[in-house]
Every structure is written in structure tokens, then in C-alpha cells.
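Participant:
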Amino acid sequence: MILERHFTIKQLPQPLSLRAALNYWLIPRKWQHELRVNRSILVNHHYQSFNTLLHNGDHIDLAFSAKINLQTYLPAPQITFTICQENQDFLIVNKPAGLKTHPNQPQENKTLLNQIKTYLGYNPLMIHRLDKMTSGLIMVGKNPLIIPVMNRQLSQKIMQRYYLAVTKYNATLPNHGSITAPIGRDDHDPRKRQISSQGLFAQTDYQIIQHNQKYALVKLQLHTGRTHQIRVHLQSIGLPILGDPLYGPPAARMYLHAYQLQYQLPFTQQKQTVTIKAPASFQALVQA
Numbered sequence: 003m004i005l006e007r008h009f010t011i012k013q014l015p016q017p018l019s020l021r022a023a024l025n026y027w028l029i030p031r032k033w034q035h036e037l038r039v040n041r042s043i044l045v046n047h048h049y050q051s052f053n054t055l056l057h058n059g060d061h062i063d064l065a066f067s068a069k070i071n072l073q074t075y076l077p078a079p080q081i082t083f084t085i086c087q088e089n090q091d092f093l094i095v096n097k098p099a100g101l102k103t104h105p106n107q108p109q110e111n112k113t114l115l116n117q118i119k120t121y122l123g124y125n126p127l128m129i130h131r132l133d134k135m136t137s138g139l140i141m142v143g144k145n146p147l148i149i150p151v152m153n154r155q156l157s158q159k160i161m162q163r164y165y166l167a168v169t170k171y172n173a174t175l176p177n178h179g180s181i182t183a184p185i186g187r188d189d190h191d192p193r194k195r196q197i198s199s200q201g202l203f204a205q206t207d208y209q210i211i212q213h214n215q216k217y218a219l220v221k222l223q224l225h226t227g228r229t230h231q232i233r234v235h236l237q238s239i240g241l242p243i244l245g246d247p248l249y250g251p252p253a254a255r256m257y258l259h260a261y262q263l264q265y266q267l268p269f270t271q272q273k274q275t276v277t278i279k280a281p282a283s284f285q286a287l288v289q290a
């Protein structure tokens, strides 16, 4: 598969060597090596040494001969998501609660990625995921070229994800803090995760932004992306999410919503923020 990109450089903070610019744009080293060996990156329509200084206004043409294993999805019978942003590289959609992000079996056709296959007409690429019962913003790739770039944005915390949750109110807790506790599998229930010294490092920041005597509306920021991270961390400090079928008290739905996504457009330093409102029921539960 040949992956191409043609663009004019904008917003470089200072002149950078071609090698430094590729690092700045989060291009993987193996792709940088291919560009150099195959002489398949052009600066102003000519191949240049990787020590060549680049400036704003220079034109870049690059082409990768990439071996990419694409997951195949069946088309879905209907579409229930809404599009919040779309460009040549990805979609950002509002996923309804109760919709799985991706299928676990090849014959499944009712997940978000199946629906996006129906919308696009070709197979989407997963960048990150949301739990089935969590609603809100999720980014899905359209172009294989940007998948490693966005993955590095996640690992380097350039991409930031913010959530709102309705939890039980715990008056003994400070109104904001950071939960740093490793998360591992639950030895007694394969569906669940738990705080475990043998688990993986996980960090979640929380802020109680409104509450009554019964419930709290909590803003959350993920610094890592462990399975059930927010759900396990909140339950561990006495703020279980309302309606969480594994860790919290029962309710009509799980009250967890991904309301904001911050990221950087590939091959630029342009920051983007997408924000959506939480369902009205979130606010209604914490009113005095």
C-alpha cells in the first residue's frame, strides 16, 4: 500500500532539519528510514539531505510503501452515531451509550466500527476506544498514514481526553485530586479490573464541579488508558459511577460521558478541541 501526503509547511517554531521536522511531526523512525533509503520525501519537489533546513512555506511530498494489516468489518444495518468533526484523516463521532466500539467476533455487525464501515464504504481504523456503556467522543481513523502519529499523540499525552461522570457524593473527599493506582485483572471475575500492585500504572485526575447530598458531577482527565480505568479509580475512592454494572449502584444507564477531545492536526502544530454537552440527565441528577 502506498501512502502519500503533500503539504506546505506551516507553524514551524523555527527552521528545523528535515530529520528534526520528521521527529517533530511524530513520524515513526522506521518510516523515516524508508523515506531516506527510497528517497521518497521531496522538499520543494527535490530530494534533499536529511540535514537540510526546512522553513515555513516549503512544500513537502512524501510516500510510504507500508505493509498494513487492516481489520475487516461487516457493514452495519443502521447508523446511530453523530459526526462532530471529519477531515481526510479521521472522524470524531459522538458514540451513544450501549454501543460497543468494535466487534469481538468477525460475524458481528452492530458495533460503532461496523456503523462507520457503512458510512465510509471502507474499513475504518481504531485509534482509541470507549467502553460499551460510555457515551461521547471517539476518534476513528480513515487514513493509515496517521495511525502511528495519533498513537504517539496518545502516548506522549498530546491528545487529551476529558470525561464527565455522575457518582455517589462522598463528602469526606477533597473536591479535586489525582488518583494514581495500578490497575490489573480481577482474580475472581474476568469481566472486571481492580487496583493491584501487580497491575499497570494508571493516573486519573478528578474534580467535583457540582453536587447535592446524594450525587456529584465529576470532571475527569485520563493520563493513561487502562481498561475500565475511570470506573475502577472512582470506585476505589468512594465515588462509584451511577449505573456502572460492574462497580457502581444501579441506574437507567452508566453515567459516564466523554465530552472533550484535544489533539494536534497531523503534520502541523495546530491544536484542535472538540467539545459536546453531556446528556441533560447528568445535570438533572446533581441539582439541589
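In this text, residue positions in the sequence shown follow the working numbering: the first is 3, and each later residue adds one.
Even glycine gets a Cβ: it sits at the ideal position worked out from N, Cα and C.
According to DSSP, is isoleucine 239 part of a helix, a strand, or is it coil?
Facilitator: In the structure shown, isoleucine 239 sits in coil (DSSP, three-state: anything other than H, G, I, E or B).
Participant: Along the alpha helix (DSSP H) that carries serine 283, what are the first and last residues, could you check?
Facilitator: Run containing serine 283: 282 to 288, per the alpha helix (DSSP H) assignment.
Participant: Among residues of its own chain, excluding the 5 on either side of threonine 182, which ones have a beta-carbon nearer than 6 angstroms to its beta-carbon?
Facilitator: Once the five neighbours on either side are set aside, the close Cβ partners of threonine 182 are Gln205.
Participant: How long is the line joining the alpha carbons of serine 137 and leucine 127, rounded to whole angstroms?
Facilitator: 19 angstroms
Participant: Once you ignore the five residues that flank threonine 120 on each side, which residues in its own chain have a CB closer than 7 angstroms to its CB?
Facilitator: Pro77, Ala78, Ile81
Participant: Can you give the Cα-Cα distance for alanine 286 and glutamine 209, rounded to whole angstroms?
Facilitator: 18 angstroms
Participant: Would you call the region 226 to 237 in contact with the region 189 to 208, where contact means no fewer than 3 C-beta pairs closer than 8 angstroms?
Facilitator: yes
Participant: Taking only runs of the beta strand (DSSP E) that begin and end inside the region 64 to 142, which ones reach a length of at least 3 residues, in chain order?
Facilitator: 84 to 88, 92 to 97
Participant: Taking all protein chains shown into account, decide if glutamine 117 is buried (16 or more other Cβ within 10 angstroms of its Cβ) or exposed.
Facilitator: buried
Participant: Could you give the residue range of the beta strand (DSSP E) that holds glutamine 196?
Facilitator: Glutamine 196: member of the beta strand (DSSP E) spanning 195 to 197, first to last residue.
Participant: State the DSSP-derived secondary structure class of arginine 187, mapped to helix, strand or coil.
Facilitator: In the three-state DSSP reduction, arginine 187 falls in the strand class (E or B).
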